[in-house]
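Under numbering that gives the first Met the number 0, the first residue of the sequence shown carries the number 0, and numbering increases by one thereafter. Okay, structure first, notes after.
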Amino acid sequence: MSNQDWLVFLVVQAAMVATAFWEAYIEGADGWAKNQVGWKVCLGKFTYTAYHFWLYWVMFPLLLALPLVVIGWDGHLFWVLVFSYLVGATVEDFLWFVVNPVYPLRKFNPVDCDWHPWIILGRFYIPTPYVIRLVLAVLVFALFLG
0 MSNQDWLVFL
10 VVQAAMVATA
20 FWEAYIEGAD
30 GWAKNQVGWK
40 VCLGKFTYTA
50 YHFWLYWVMF
60 PLLLALPLVV
70 IGWDGHLFWV
80 LVFSYLVGAT
90 VEDFLWFVVN
100 PVYPLRKFNP
110 VDCDWHPWII
120 LGRFYIPTPY
130 VIRLVLAVLV
140 FALFLG
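Structure, rendered in structure tokens:
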């Protein structure tokens, strides 16, 4: 990746850090929009909220597509944005625990944070979406950016 690509990556990460702050202040102790209005879809024992659908599947992709609208289609930039989004979504979610004034980092575990499915990697419990996104990010980087 070029210096310009890394700059795009860092700007997306900065936006995700900012999102972690405002999302932590909006949700407070009620992680995963537990007490927010809107529909919820049950996926087994886990729930996906309207808030998270509109944020992660509509708003972020639309905002990240803006450079492609302005300059026209660029396959390389597309993959830089996809890579940045996959990493950034994980950064944002984890930082929610770091910056949340009422839901401390020590609650980042499968017992207290029951809105995520978790997997065990060695001695560590990690939210399944983190693993999926980071594996996809590595694949995107290796196949299209490396």
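All C-beta atoms in this analysis are idealised placements derived from N, C-alpha and C, irrespective of residue type, glycine included.
- Query: Would the region 49 to 69 and the region 117 to 130 be scored as touching if the rule is three or more Cβ pairs under 8 angstroms?
  - Reply: no
- Put C109 into one of helix, strand or coil per three-state DSSP. Checking the sequence, you will find Pro at residue 109 rather than Cys. Residue state, collapsed to three classes: coil.
- Message: Quick check: the Cα distance between L135 and F82, rounded to an integer number of angstroms?
- Response: Rounded to whole angstroms, the gap between the alpha carbons of L135 and F82 is 8 angstroms.
- Tell me whether R132 is buried or exposed, calling it buried when 16 or more other Cβ atoms sit within 10 Å of its Cβ. buried
- Near T48, which residues of its chain fall below 7 angstroms by C-beta distance, leaving aside the five closest residues on each side in sequence? W31, A32, Q35, G37 and K39
- Task: Quick one: grab the DSSP three-state call for Y47.
- Result: strand
- Quick one: using the 10 Å Cβ neighbour count with 16 as the cut-off for buried, is D29 buried or exposed? exposed
- Item | Of the residues W5, W78, Y102 and N108, the one placed nearest L142, counting alpha carbons only | Cα-wise, what sits closest to L142 is W78.
- Task: Please report how far the alpha carbon of P60 lies from the alpha carbon of Y50, in whole angstroms.
- Result: 15 angstroms
- Query: Between which two residues does the alpha helix (DSSP H) containing W31 stretch?
  - Reply: Counting along the chain, W31 sits inside no alpha helix (DSSP H), nor does DSSP assign it H or E at all.
- Message: Does D111 pass the burial test, meaning 16 or more other C-beta atoms within 10 Å, or should it be called exposed?
- Response: exposed
- Where D92 falls, given that 16 or more other Cβ within 10 Å makes a residue buried: By the neighbour-count criterion, in which 16 or more other beta carbons inside 10 Å mark a residue as buried, D92 falls on the buried side.
- Check whether Q12 and V69 have beta carbons under 9 angstroms apart: Not closer than 9 angstroms, so no.
- Task: Give me the Cα-Cα distance between L54 and R122, rounded to the nearest whole angstrom.
- Result: Distance between the alpha carbons of L54 and R122: 32 angstroms.
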